[in-house]
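Structure record follows, encoded as structure tokens.
Protein chains: 2
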Amino acid sequence: MAKHHVHTKTSRDPECLLCQALDRSRERGLRMTKALEDVLRILIESNKPLTLADIAESKNLSSQADRATVYRLLTKLEKLGVIRRLGLHDRAAYYTMIFPGEHNDYLVCTACGSIDRLHIECPVGELEDEIAKKSKFTQLYHELMFFGLCPKCA
Amino acid sequence: MAKHHVHTKTSRDPECLLCQALDRSRERGLRMTKALEDVLRILIESNKPLTLADIAESKNLSSQADRATVYRLLTKLEKLGVIRRLGLHDRAAYYTMIFPGEHNDYLVCTACGSIDRLHIECPVGELEDEIAKKSKFTQLYHELMFFGLCPKCA
DNA sequence: CATGAAATGCAAAACAATTGCATTAGGGTG
DNA sequence: CACCCTAATGCAATTGTTTTGCATTTCATG
Chain A
1 MAKHHVHTKT
11 SRDPECLLCQ
21 ALDRSRERGL
31 RMTKALEDVL
41 RILIESNKPL
51 TLADIAESKN
61 LSSQADRATV
71 YRLLTKLEKL
81 GVIRRLGLHD
91 RAAYYTMIFP
101 GEHNDYLVCT
111 ACGSIDRLHI
121 ECPVGELEDE
131 IAKKSKFTQL
141 YHELMFFGLC
151 PKCA
Chain B
1001 MAKHHVHTKT
1011 SRDPECLLCQ
1021 ALDRSRERGL
1031 RMTKALEDVL
1041 RILIESNKPL
1051 TLADIAESKN
1061 LSSQADRATV
1071 YRLLTKLEKL
1081 GVIRRLGLHD
1091 RAAYYTMIFP
1101 GEHNDYLVCT
1111 ACGSIDRLHI
1121 ECPVGELEDE
1131 IAKKSKFTQL
1141 YHELMFFGLC
1151 PKCA
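Protein chains in written order, with the numbering used here: chain A, 1 to 154; chain B, 1001 to 1154.
Below, the structure written as structure tokens:
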């Protein structure tokens, strides 16, 4: 997704992840702004969860967006279910796209902080249903994180 | 563990979790101080992970320990592998005892922040071995967290 | 019980998240 | 296309924790 078609209200490629995300955002009441497009694009292009600082300082912001703006967008997008906020190992919150039907687990180095998405079959799905029933919790989801020392840091 | 025997260098009950934790701490070079005993006792008696603030402001501190002191103790204990720091859903870090041979998963309400330990058979153990091999990570462990809305907040 | 290292308390600094407010800019309407 | 209302934005200030510096106290050991 290096070079990319223009995203206006009327220009939509159903195959384009950014278009999908923009549509989902608009359906839920967000306006189509430059900053929104930037934030979504950055999250889509990233192969790992990003912090607020990562995004606000990204070179991929077409026009520099203020931290507060990015913060408010991330907050809204999370509430709307477009992105997810993860609590990892350090103090900062990490954000990642929710791609419909996709679930991700992560491998984090506790020394250098590197984050990798794991491409595994997550065995927690059934358990989740069971827990939902027992606990009466709704809107249940889970995070599975593996922590350890990566080869470089060992 | 309401009332409790005195914990000195020479008074040890092998059944007592606090004694065990103190021993583990001493073996790893920590001095036996009032604050250390307090922090360990509070963590042992808690049935859920606690924040720095929870501990520093706990009524169970025999003598008020400074935040910085508690912070440094928690940091050391984590490095020494006596306690574990969890990244949950809000900004603060949560700490919990590591009881040898025990593994815990958590159920967190994203609205009110309540945290419950889950007493389930965690299906991730085998997966962990597999990931350790593939990734070459060492000292691997995992956190499995379920998030959702509790019945009160739904 | 003297001594050196570790631990502590207090205050300040560092950091990331969050909010208030005045201004700007989508986007729906006439 | 001009207009209006409201959402979005930028900037600055606030909050809520975590983290560090330093002088003092306390532990553990010989």
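Every residue, glycine too, gets a C-beta built ideally from N, C-alpha and C.
Can you tell me which of the three DSSP states B:E1143 falls into? strand
Are there three or more Cβ pairs, one per stretch, closer than 8 Å when the stretch 104-111 of chain A is compared with the stretch 1060-1080 of chain B? no
Shorter than 7 Å from the beta carbon of A:M1 to some beta carbon of chain B? Confidence at A:M1 is low in this model, with a pLDDT of 43, below 50, so the placement of that residue is unreliable and no value is reported for it.
Exposure label - A:G101; buried when at least 16 CB within 10 Å: exposed
In three-state terms, what does DSSP make of A:G87? strand
Take A:L50 as the anchor and find which of A:A92, A:E15 and A:C109 has the nearest alpha-carbon. A:A92
Identify which residue in A:I98, A:G87, A:I120 and A:Q64 has its Cα closest to the Cα of A:L80. A:I98
Residues in the same chain with beta-carbon distance under 7 Å from A:K3, minus the five sequence neighbours each way, listed in chain order, please. Below a pLDDT of 50, predicted positions are generally treated as unreliable, and A:K3, at 43, falls in that range; the measurement from the model is reported next regardless. Nothing meets the Cβ criterion.
Our contact map puts B:K1048 next to B:I1131 with C-beta atoms below 8 Å; I'd like the distance itself, whole angstroms only. Not quite, the Cβ-Cβ distance comes to about 27 Å (not below 8 Å), so this is no contact.
Can at least three beta-carbon pairs, one atom from the stretch 1031-1044 of chain B and one from the stretch 145-154 of chain A, be found at a separation below 8 Å? no
Could you name the residues of the stretch 62-83 of chain A whose beta carbon sits closer than 7 Å to any beta carbon of chain B, in the order they occur along the chain? none
Proximity test, Cβ basis, 7 Å: B:N1099 and chain A: Sequence check: residue 1099 of chain B is Phe here, not Asn. Cβ-Cβ to chain A under 7 Å: no for B:F1099.
With a 10 Å radius around its C-beta and 16 neighbouring C-beta atoms as the bar for buried, classify A:T33 as buried or exposed. exposed
C-alpha distance - B:F1147 paired with B:I1120, whole-angstrom precision: 15 Å
Return the Cβ separation of B:R1067 and B:L1052 in integer angstroms, given the expectation that the two are a contact with Cβ distance under 8 Å. 7 Å
Cα-Cα separation between B:L1064 and B:A1021, rounded to whole angstroms: Rather than Leu, the amino acid found at residue 1064 of chain B in this sequence is Gln. Their Cα atoms are separated by approximately 21 Å.
At least one CB of chain B closer than 7 Å to the CB of A:Q20: is that the case? no
Separation of B:C1109 from A:G125, as counted between CA atoms: 18 Å
Could you tell me the boundaries of the beta strand (DSSP E) in which A:R28 lies? Where A:R28 is concerned, there is no enclosing beta strand (DSSP E), given that its DSSP letter is neither H nor E.
If you follow the beta strand (DSSP E) that B:D1013 is part of, which residue opens it and which one closes it? Unbroken run through B:D1013: none, as it is neither H nor E.
Chain-order list of residues whose beta-carbon lies under 7 Å from that of B:E1128 (same chain, five-residue window excluded): L1140 and H1142
If you run the structure through DSSP and keep just helix, strand and coil, what is B:I1115? strand
Drop a sphere of 10 angstroms on the beta-carbon of B:T1096, count the other beta-carbons inside from all chains shown, and report buried for 16 or more, exposed for fewer. buried
Minimum C-alpha distance to A:V82 - residue among A:E27, A:T138 and A:E15: A:E27
Which residue wins for smallest C-alpha separation from B:R1085, given the options B:L1043, B:S1058, B:S1135 and B:L1018? B:L1043
Measuring only between beta-carbons, confirm whether A:I115 sits less than 7 Å from chain B. no
Can you tell me where the beta strand (DSSP E) with B:T1096 in it begins and where it stops? A1093 to M1097
A:S62, buried or exposed, once every other Cβ within 10 Å from all chains shown has been counted against 16: exposed
CB contact below 7 Å: A:H103 versus chain B: no
Given that a residue counts as buried once 16 or more other Cβ atoms are within 10 Å of its Cβ, and exposed if not, what is A:G87? buried
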